[in-house]
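*Asks:* First the structure, then my questions, so here it is.
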Amino acid sequence: MKIFRKLLLPFISLCAFLVSLVIGTVIILLNGDNPLVAYGALIEGAFNGMSNLAGTLSSATPLIFTGLGVAVAFKGGMANIGAEGQLYMGGMAAALVGVYLPLPGFLLIPVALLAAFLAGGLYGLIPATLKIKTGTNEVVTTLMLNYVAILFTSYLVNYPFKAPGAPLGMTVNIQKAARLPLLYPGSRFNVGFLLAIAACILVAVMFRYTGAGYEMRMLGRNSIFSKYIGVDVNARTLQCMFLGGGFAGIGGAALVLGIQYRFVQNISPGYGFDGLTIALMAGFSAIGVIPMAILFGALRSGGLTMELATSVPSELSKVIQAVIILFMAAQVSFSKYFTEFMTGLRHRREKKQGTGGS
Amino acid sequence: MPNIEYAVEMTDVCKNYGLLQANKDVNIKVIKGEIHAIVGENGAGKTTLTSILYGLVAPSSGNVKVNGRPVKISSPKAAIALGIGMVHQHFKLVPNFTVAENICLGQEPLKSLRRVDKKKMIAHARNISEKYGLKVDPEKKVCDLSVGLLQRVEILKALSRGADILILDEPTAVLTPLECQELFKVLRGMSEQGKTVLLITHKLKEVMEVSHHITVLRRGLTMGTVKTSDTDEHRLAGLMMGREADFVPLEKKPQEEEKITFSIRGLQVRDSFNMIKLKDISLDVKAGEILTVAGVEGNGQSELVEALMGFAHIEQGQVLVDGEDIAHQDVRSRRKYCSFIPEDRMKTGLNLAASVHDNLLGGRQRSPEIRRGPFFDYKKSSRLAADLVEKFNIKTAGLDIEASSLSGGNQQKIVVAREMSFGNKVLVVAQPSRGVDIGATNFIHEQLIAARNAGRAVLLISTDLDEVYALSDRIHVLFDGKIVGSFTPDSISQQEIGLYMTGVKGLEGTA
Amino acid sequence: MPFLQTLFGPEVFAAALRVMVPLLLVSLGGLLTKQAGIENIGLEGLMLIGCFSGFVVNYYTSSWIAGLIGGVVFTTLTALLFGVFVISLRAHEIVTGVAINMLGLGVTTYLLRAIFGVKGAFTDPRVQGIPTLDIGFLKEIPVIGTIFHKQSIMVWIGLALVFAVHFMLYHTRFGYYIRAAGENPQALATSGVSLLRTLYMTVLIHGVLCGLGGAYLSTGYLTQYVENMSAGRGFIAMAAIAFGGAKPLRVFFSAILFAFVESLSSRLQLVQVPSYFALMVPYVVTIVVLAVTSWREKQKSKTRVI
Amino acid sequence: GGSGSTPPAGTTATGATEPTQAGGTVKKVAMVCSGSLGDNGIFDMGAEALKQAKADFGIEYEILEGKNDPSLYYDLLLKGAQGFDMVIVNPGYQFESYLEEVADQYPDTYFFYPDGISPVEKDNIYSISYREHEGSYVAGVMAGMMTTRTDFPGINDQKTLGFVGAVDTPTIQNFLQAYEQGAKSIDPDIKVLSLIVGDHNDPAKGKELALTLFDQGCDIVYQAASGSGNGVTEAAKERKLYTIGVDTDKSPLAPDNVMGSMLKNVTKSFYDAIGIFVEGGTMEKVQYEGLAKGWTGMYFSPEFKAKMPADVLDAMTKTEEGIMNGSITPVDAKS
Ligand SMILES: Nc1ncnc2c1ncn2[C@@H]1O[C@H](COP(=O)(O)OP(=O)(O)OP(=O)(O)O)[C@@H](O)[C@H]1O
Ligand SMILES: Nc1ncnc2c1ncn2[C@@H]1O[C@H](COP(=O)(O)OP(=O)(O)OP(=O)(O)O)[C@@H](O)[C@H]1O
Ligand SMILES: [Mg+2]
Ligand SMILES: [Mg+2]
């Protein structure tokens, strides 16, 4: 029975996934394409061959960080919709270090990452502080702070740190030494991915195996109880928002140091918001964030191939993504009905065998 | 028996929660016009069964007949249509609505333009509140009421709908003796008018007092229905627990030491509306003593507990543990000397969304008992949790399931188990056996006595006079934020102490 | 003081009113779901659907009324989809909201191409703009005149809806049910009111309001459709809702405030404030005002004397 | 081409006579976009060029959209480089760091780097950049002269002009500064009020800003705001005042209120480049062009041109000559 419970959720999410694929199929058919070709291309573009896989994983990397950032904050009871802004701040900080700081290579990357973490974390502290000091709803403040961060960084790269001659606000390229080492040449798949995995494991361990993690977990679910068992609620709130913001910030660094090699205004197409979705779909589990982020990465980079191979336009692959998200989100309730149905069957069987079944 | 009319007949009712079976082929027949009690240990499936009847929970299988007609009760709306009403064990009230709005919810009186008539609502609420002798201010917001008052609102809400079949799920858990008597009068009146009452309670005394028939559930199975006049508390208890109920009378060893462990000096506390709730409270609890603060809900017990727990700001006064003032320490440091059993287990005492294991560990997250180096050691912690589950026989499907899925009584046992396990020298205990079955109640009482005998200082806050008399060495009565009298159990009768609790006596003493 | 004239002239208020209405309508919709206990970040997507469907229907019928109705119908259908997942399938509301946003953007962009064979922007003389209400006598009055005469009909409808929603929430049974559903669904259900019916009706009404807001944007405020033209208004609406504590009148005022600060911030650029900072102003102001109000509420709840 | 003779979006472009095929094999061209089509700007104009080129030169083409997701750019560029003879890297600067590597891997592929000058020197990378400032200067001259022609319907005597930009980037500054310079060259007292939308696709706000400017006494508003610009056009139509369109001919939207459009003729430039490529002609490694090649410049719909005062049109033509022979140098904000 334990096994049964353990296997249940994966099984259900699989079903949900399949349902959404069916709907996707209908959409593709309506668009006058062959679903097999389309999905074939999607999967091939996402996973077939090292270079495609590398593409998938490299676009998953920033998503893991933002997803983790959101997950940490939510687990601690802060509804952090602000990963996007924290990502911008982190990316900017990393870029400045990467461009201007005259450091030897082995130091440059760690310092840049640290800067990104601090920038994102501190930016995350703003809504957290507002919440504990004034009781301001963090959903709104974090949301608003996204726009502020985007505008602020845009200003920086259009005025003080503008690359001369650039037609768009951007910094000059970062030093070669600041680039995250590639894991697969001919792609942007870099050590950032490993860092992301490490971060997730670290957080998972913290939550499961430390007092601080325990307190944050409790706080996220019931602040009164936490206070009652002696948790310093304010301190913990600040801490998990700092952590969350920090990881989102590193997401920005991964983008700048690992992919774009410079900060360009509006650098993120919404990794922060995807991070939110990913974290929610992963149920705020730090480990769960990894497969979800990879799923998103696959949909993105596989989407390209699909758009090439068929007449399915980019916006339709967006729709298909949306449908998948919808059904993944609905899985939980599916699972509830499913279990109770199974238990009913079990009971009926037991009755037939005459055992009361207690 | 030929022409007996049954108001309710439930046959082979099953309910599965996930992997757990709350009801297994439950059968119950309730004769029209009788008061029918349902008893059973915590988790036996009483609430589930009645929730099915009220359309709150969909049965996995089984048939329900009301007034002889087979029915599918798919929603409370349907149940209400069948003339069924219910008082819920866990109150179902809207926090930001007023008492009146809660009582009228779903059947608001309308005036012109189909507007809701607020005046009428208030008048209506006031009427029935007086009619049934359960006093409560109709215009107060529910979120500002104490548990006791909430219970009254919950009951009034059900009564005001004039149901023919009324289900009451542990309505008396937080009522004073007088209120209970009032309520029972009402119930008897209903049954005389041919209305049917289904009463769930853990207080067998009450069951014997008011009911005509009693159905006993155990672990989701029906143990049968008996005529009240044919049985007694002892036999019932045995039927419920499936073993001989052998309650050794709790024996207290005489206090020898006179050392004062815990004392309160001139305590003053305001509530969230800045109203003074406790005025100049002073008391001493000796080592190896159980001091009870008895009183009707809403007279300051809640504030007292909160102040001691470090939830409410202490305006004046001291809280001394062995002479050290902890009045302004944070919760964590207070927990070094004190354990608290809060009156509200749903929000404060438990994290319902967390696992049983995590709930049992609360307060220990920093202690070496469950760590290896800086990290949790789940072997240790699970063993610790398992021991507590075992020792306090908490009925749960496992350590890793959500506390929310436990029955009320078992939830309470988690709180008690955790707080007892610290072995602190001061215990602040509020309503420890609220909603807990007799077995568990008896067990919790044993634990408290044991703590006392071990020389700990226990401050008990309770509205249940049986409990008060069973446990206390001394009793303080709290009324309107003041201590209006102190007694020893043998020096005063329950009736008389009731008068102090309701302010009929005692005020002149302190004025 | 030409400078102050620039910042606070009556035109500013007229502009604020114009800018406010789409925001207001969507906020009114969103506050209903919020009151019913559903946090909806899909407002952006719903609004976009409203923009598009309103525009398309208007295009084919050349009737602004038909356009509005069309916008309302399709948006409400999308809202229903949201409802099915959140209410019946118990999907996480924020995830669902995100999906609705993606869906809105994707579907509208795709259909824009499928129907008109264009990408990006589309406009056509066939589209009949929602008329403005020219109130003669108002024109005479100095300041009021500049602000109120010649505002779109939807401005007036929007204002009326504020009070309609307020009335519904606080003076009808259904309003009581909505609020109860938000605070304690069990309490509502056990009182014999069908929770599903209440929630679904709420979601539908909220769809209607979002549809109006969207359709107004593309056929009243403008008479053109541009890809993703809701441009974040759905998110601002969320802020307005939180800021107004999901209470219609207060949300109305916060919508006005936002709109006013918005047009103020544009004018700040005229007095040489770098655009990036000028554009920040609305967001920063929101945060500050929100913080201040929350803080004052906190104080009040501490020292309220009865 | 002088003002008025400049055609809209490269319809009569060089070599568009009859479909030709260099070397028989069908040339395959990929346009790799950082964003998605529907930007009312460089992507859509690029797509238009490809469509025309397909018709005229019989090329095959694919458009790969990056959805503004940097993590896809590398793949995108690779996919473009694989199996295509020419890759339009649009806009080049978004793909700079990848191009450096990919251009080496595919030496035979011809990389076309629009809207900027590639900092990396490679034999197979060809940059083109646009002198928006040249056309904008001319627009400024026109507006400067027109804003006091009170005999012209709607025009007031105030010497105030307006400008609405999408986002405050160097490119937009390039439009703005030259426009202002041109206007002041007519009368130093002329004020140019500029407002930034902060979004490429927010016509509502674009309209709001334009109305604001009209309230401030502007009678001519120059728009460099892609999608948001459509709002500006609508505002002009509503107030019966004037806007100068940008990128493409905007007069269809409001024939009487679009006082010409400053074409940033990306379509033409792409089309020409493809033409040269297909016919195996040689192309400069770096082209930074404006009026001379007709890549930027004012265009009027015939109807509106008929309304324009002759002296204004002459002045514009003179200015254009002056810019081309170097006697006039508009400010270049991009470098
Ligand atoms: N929502 C739920 N999900 C899962 N399990 C549940 C749920 N509600 C009740 N249960 C389980 O069903 C069993 C019966 O619960 P129920 O509340 O009916 O017991 P009870 O007789 O009312 O106990 P008590 O006297 O403590 O209220 C318990 O074991 C409980 O754990
Ligand atoms: N049981 C219910 N569940 C959900 N919504 C309801 C319910 N009853 C009424 N409503 C909503 O409340 C609004 C007004 O309530 P009201 O109860 O007056 O309607 P009604 O049909 O007249 O009911 P009644 O029969 O009680 O008068 C209705 O428009 C309906 O949408
Ligand atoms: Mg129960
Ligand atoms: Mg003028």
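As given, the protein sequences belong to chains A, B, C and D, one line each in that order. First residue of the first sequence? That's 54 in the working numbering, and the numbers climb one at a time after it. First residue of the second sequence? That's -4 in the working numbering, and the numbers climb one at a time after it. First residue of the third sequence? That's 117 in the working numbering, and the numbers climb one at a time after it. First residue of the fourth sequence? That's 80 in the working numbering, and the numbers climb one at a time after it. C-beta atoms are modelled at their ideal positions from N, C-alpha and C, and glycine is treated no differently.
So with Cβ pairs under 7 angstroms, would you call Glu368 (chain A) a contact of chain C?
*Replies:* yes
*Asks:* Quick one: which residues of the segment 297 to 322 of chain A get their C-beta closer than 9 angstroms to a C-beta of chain C? List them in chain order.
*Replies:* none
*Asks:* Considering only their Cβ atoms, is the gap separating Ala332 (chain A) from Ala215 (chain C) smaller than 7 angstroms?
*Replies:* no
*Asks:* Whose C-beta lies closer than 6 angstroms to the C-beta of Lys266 (chain C) among residues of the same chain, with five residues either side of it excluded?
*Replies:* Cβ contact annotation for Lys266 (chain C) (same chain, cutoff 6 angstroms, sequence separation greater than five): Thr248, Asp250, in chain order.
*Asks:* Using a Cβ-Cβ cutoff of less than 7 angstroms, which residues in the same chain neighbour Arg229 (chain C) once the five nearest sequence positions on both sides are dropped?
*Replies:* Lys235
*Asks:* Quick one: is the Cβ of Gln237 (chain D) within less than 6 angstroms of any heavy atom of ligand 4?
*Replies:* Yes, the beta carbon of Gln237 (chain D) sits closer than 6 angstroms to at least one heavy atom of ligand 4.
*Asks:* Could you check whether the Cβ of Thr291 (chain D) sits closer than 6 angstroms to any heavy atom belonging to ligand 4?
*Replies:* no
*Asks:* Chain B beta carbons: is any one of them nearer than 7 angstroms to that of Glu155 (chain C)?
*Replies:* no
*Asks:* With a cut-off of 7 angstroms, does the C-beta of Lys363 (chain C) fall near any C-beta of chain A?
*Replies:* no
*Asks:* Which one of C:Val405, C:Gly170, C:Leu304, C:Met345 has the shortest CA to CA distance from Leu373 (chain C)?
*Replies:* C:Val405
*Asks:* Nearest CA to the CA of Ala126 (chain D): which residue from D:Pro170, D:Tyr152, D:Asn147?
*Replies:* D:Pro170
*Asks:* Is the beta carbon of Leu173 (chain B) less than 7 angstroms from the beta carbon of Val82 (chain B)?
*Replies:* No.
*Asks:* Closest to Ala435 (chain B) by C-alpha separation, out of B:Ile117, B:Val21, B:Ala232, B:Thr42, would be which residue?
*Replies:* Nearest to Ala435 (chain B) by alpha-carbon distance, out of B:Ile117, B:Val21, B:Ala232, B:Thr42, is B:Ala232.
*Asks:* Which parts of the segment 416 to 488 of chain B are runs of the beta strand (DSSP E), unbroken and 3 residues or longer, counting only runs that do not cross its ends?
*Replies:* List check, beta strand (DSSP E) in window: 421 to 425, 452 to 457, 469 to 474, 477 to 482.
*Asks:* Under 7 angstroms between beta-carbons, which chain D residues line up against Ser364 (chain A)? List them in chain order, please.
*Replies:* None at all; the shortest Cβ gap to chain D is about 11 angstroms.
*Asks:* Would you check whether ligand 1 has a heavy atom nearer than 6 angstroms to the C-beta of Tyr49 (chain B)?
*Replies:* no
*Asks:* Evaluate contact between the segment 308 to 316 of chain A and the segment 142 to 150 of chain A, counting only Cβ atoms and requiring at least three cross-stretch pairs below 8 angstroms.
*Replies:* The way I'd put it, the segment 308 to 316 of chain A does touch the segment 142 to 150 of chain A; three or more beta-carbon pairs between them come closer than 8 angstroms.
*Asks:* Is it right to say Tyr176 (chain C) is buried, meaning 16 or more other beta carbons lie within 10 angstroms of its own, or is it exposed?
*Replies:* exposed
*Asks:* Tell me which residues share the same chain as Lys106 (chain D) and place their Cβ nearer than 6 angstroms to its Cβ, disregarding the 5 neighbours each side in the sequence.
*Replies:* Ile138, Asp164, Val357
*Asks:* According to DSSP, Cys112 (chain D) sits in a beta bridge with which residue or residues?
*Replies:* D:Glu144, D:Asn169
*Asks:* Are any of the Cβ atoms in chain D nearer than 7 angstroms to that of Asn101 (chain A)?
*Replies:* Judged by the 7 angstroms Cβ criterion, Asn101 (chain A) is not in contact with chain D.
*Asks:* Would you report the Cα separation of Ala251 (chain A) and Asn203 (chain D), rounded to the nearest angstrom?
*Replies:* 41 angstroms
*Asks:* DSSP three-state label for Arg232 (chain A), please.
*Replies:* coil
*Asks:* Using 8 angstroms as the threshold, is the segment 184 to 195 of chain A in touch with the segment 390 to 407 of chain C, meaning 3 or more CB pairs across them?
*Replies:* yes
*Asks:* Is there a Cβ of chain C sitting closer than 7 angstroms to that of Glu239 (chain B), yes or no?
*Replies:* no
*Asks:* Report the partner residues of Asn435 (chain A) according to the DSSP bridge assignment.
*Replies:* There is simply no residue 435 (chain A) to check, as chain A begins at 54 and stops at 411 in what is shown.
*Asks:* With DSSP as the reference, label Gln100 (chain D) as helix, strand or coil.
*Replies:* Caution is warranted here: a pLDDT of 47 is assigned to Gln100 (chain D), below 50, making its placement in the model unreliable, and the coordinate value is therefore given only provisionally. In this structure, Gln100 (chain D) counts as coil in the three-state DSSP scheme.
*Asks:* So, for Trp180 (chain C): in the same chain, excluding its five sequence neighbours on each side, which residues have a beta-carbon less than 8 angstroms away from its beta-carbon?
*Replies:* Asn174, Gln244, Gly245, Ile246, Pro247, Thr335, Gly336
*Asks:* Does Ile340 (chain A) come within less than 7 angstroms of chain B when only Cβ atoms are used?
*Replies:* no
*Asks:* Phe118 (chain A): buried (16+ other C-beta within 10 angstroms of its C-beta) or exposed?
*Replies:* buried
*Asks:* Helix, strand or coil, according to DSSP, for Glu155 (chain C) in the structure here?
*Replies:* Here Glu155 (chain C) sits in coil by DSSP.
*Asks:* Kindly say whether Asn174 (chain C), judged by its beta-carbon, lies nearer than 7 angstroms to any beta-carbon of chain D.
*Replies:* No, Asn174 (chain C) lies away from the interface with chain D (no Cβ there is under 7 angstroms from its Cβ).
*Asks:* Which residues of chain C have a Cβ atom closer than 7 angstroms to the Cβ of Leu332 (chain D), listed in chain order?
*Replies:* Thr239
*Asks:* Spatial neighbours of Gly57 (chain B) within its chain, please: CB distance less than 6 angstroms, with the 5 preceding and 5 following residues excluded, ordered by chain position.
*Replies:* Within the same chain, Gly57 (chain B) has close Cβ partners Asp7, Val8, Cys9.
*Asks:* Looking only at C-alpha atoms, which of A:Glu368, A:Leu110, A:Val72, A:Phe64 sits nearest to Leu236 (chain A)?
*Replies:* A:Leu110
*Asks:* Between which residues of its own chain and Thr224 (chain C) is the CB-CB distance below 6 angstroms, once the five residues before and five after are set aside?
*Replies:* Leu164, Phe168
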